[in-house]
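The structure under discussion appears below in the form of structure tokens.
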Amino acid sequence: MGNETTVNWFILLGFSNVTSYTLLLFAVFLCIYIATVLCNVTIIVIINVDDALHIPMYFFLLNLSFLEIGYTSVTIPKLLENILALDKTISLRACAAQMYFFLFFGATECCLLAVMAYDRYIAICNPLRYPIVMRKRTCIQLAALSWVCGCLVALGHTTFIFRLPFCDSNVINHFFCEIQPVLKLVCGNTYWNEIQIIVAAAFVILMPFMLILLSYIHIISTILKMQSTKSRQKAFSTCSSHLAAVSLFYGTAIFIYIRPKSSYSLNVDKFFSLFYSVITPIFNPIIYTLRNKEVKGALRKTVSKIIPKI
């Protein structure tokens, strides 16, 4: 931290303006957190125990489930604490750590969703080459690359922001240490700092998004050329879950990050942040489970093995 920094802790306002619904908010977010962890743990267990799911698509889904557990664990426990506690402070280091891990999991998810789109592209557009291209070693390398990219992006952003001086207000009008609300507390002119952050965010968010878009242009083109209606339906069904997850995650992430600080609305964007930080992690396992016959079949088999033992 720079010598000019005089703020050693922040106050996270969260949803303190809706004190009438404190217990209701606590109950809702607690239920969402428990459901998110349980659903994603269930997917991890199912994929590990069922040999039929030991294929690239489900290997990447396994990584995504790990991400979602980490993603929500960074924000919701502190949010739950702040809803009930009178002391809503968070130390400078804890705030930096929260921002780092949130960006780490978020940036990794951006890359992983692009890798999953590439997997679907190879499976549908080049099915004969699929076993050769998407070998186990290649899948591990692609997943590892996503995690490394997420780590580097988060480290760069967090180090860059927390080396700036904080010497004015220490009140963060958000429920976690998000980039834009924290950047508002920085002293002096942050125009170029803001531009650099937007450029970096555009690189992390838009580049994977463009790769996903390009993949699906080829996928849809290939599907439309298929003669069999059954083949088209099967191809669409394998992509629909991923498309739903991408739309939900990228829709709010692009809205939040790819724009200047001058257009930032604290209360409105705090609401939108709930979608990609709280809602998306619970929707992803539901989307992939309800729309996937293989996962539903594996879940039934696993439950049927466990219940008799109970």
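Taken in order, the sequence shown gives residues 0 to 309; the numbers are from numbering that gives the first Met the number 0.
Heads up, the beta-carbon is just placed ideally off N, CA and C, and yes, glycines get one too.
Fair warning: this is a prediction, and the values are worked out from it, not measured in the lab.
| Asked | Found |
| --- | --- |
| Could you check what DSSP says for residue 54 in three-state terms: helix, strand or coil? | coil |
| With distance defined between alpha-carbon atoms, name the residue in 29, 236, 105, 157 nearest to residue 251. | 105 |
| Output the distance between the C-alpha atoms of residue 272 and residue 72, rounded to the nearest integer angstrom. | 15 Å |
| Whole angstroms are fine: how far does the CA of residue 245 sit from the CA of residue 288? | 16 Å |
| Report buried or exposed for residue 118, applying the criterion of at least 16 other Cβ atoms within 10 angstroms of its Cβ. | buried |
| Can you list, in chain order, the stretches of the beta strand (DSSP E) that have 3 or more residues and sit fully within the region 16–95? | 88–90 |
| With DSSP as the reference, please indicate the residues paired to residue 11 in a beta bridge. | 171 |
| With distances taken from CA atoms, which of 102, 22, 131 is nearest residue 160? | 102 |
| Let's test the definition: count the other Cβ atoms within 10 Å of the Cβ of residue 76 and tell me whether it reaches 16, buried, or not, exposed. | exposed |
| Quick one: is residue 60 buried, meaning 16 or more other Cβ sit within 10 Å of its Cβ, or exposed? | buried |
| With burial defined as no fewer than 16 other Cβ atoms inside 10 Å of the residue's Cβ, what is the status of residue 153: buried or exposed? | buried |
| I believe residue 121 touches residue 133 by the beta-carbon criterion, under 8 Å. Please report the beta-carbon distance rounded to the nearest angstrom. | 6 Å |
| Kindly confirm or deny that the region 165–180 and the region 82–98 touch, where touching means at least three C-beta pairs closer than 8 Å. | yes |
| Compute the beta-carbon to beta-carbon distance between residue 171 and residue 22, rounded to the nearest angstrom, for a pair I have assumed lies under 8 Å. | 23 Å between Cβ atoms; not a contact. |
| Could you tell me whether any non-hydrogen atom of the ligand HEM is closer than 7 Å to the CB of residue 165? | As far as ligands go, the structure on display features none, and thus does not contain the ligand HEM. |
| Report the rounded CA-to-CA distance for residue 136 versus residue 82, giving the unit in angstroms. | 45 Å |
| What's the gap between the Cα of residue 298 and the Cα of residue 64? | 15 Å |
| By the three-class DSSP mapping on this structure, what secondary structure does residue 185 have? | strand |
| Among 20, 39, 25, 24, which has the Cα closest to the Cα of residue 280? | 39 |
| Can you name, in chain order, every residue of its own chain whose Cβ lies under 8 Å from the Cβ of residue 0, other than the five neighbours on each side? | With a pLDDT of 44 at residue 0, under the threshold of 50, the predicted position of this residue should be treated as unreliable, though the coordinate-derived value follows. Within the same chain, residue 0 has close Cβ partners 91, 161, 162. |
| Express the C-alpha separation of residue 229 and residue 208 in angstroms, rounding to a whole number. | 29 Å |
| What is the residue span of the alpha helix (DSSP H) that residue 129 lies within? | 129–132 |
| Does the Cβ of residue 226 have 16 or more other Cβ atoms within 10 Å, making it buried, or fewer, making it exposed? | exposed |
| Quick one: Cα of residue 31 to Cα of residue 84, how far? | 20 Å |
| DSSP puts residue 165 in a beta bridge; with which residues? | 185 |
| If we ignore side chains and look at the alpha-carbon of each, how far apart do residue 114 and residue 18 end up? | 43 Å |
| Leaving aside the five residues before and after residue 70 along the sequence, list all residues of the same chain whose C-beta is less than 6 Å from its C-beta, in chain order. | 104, 280 |
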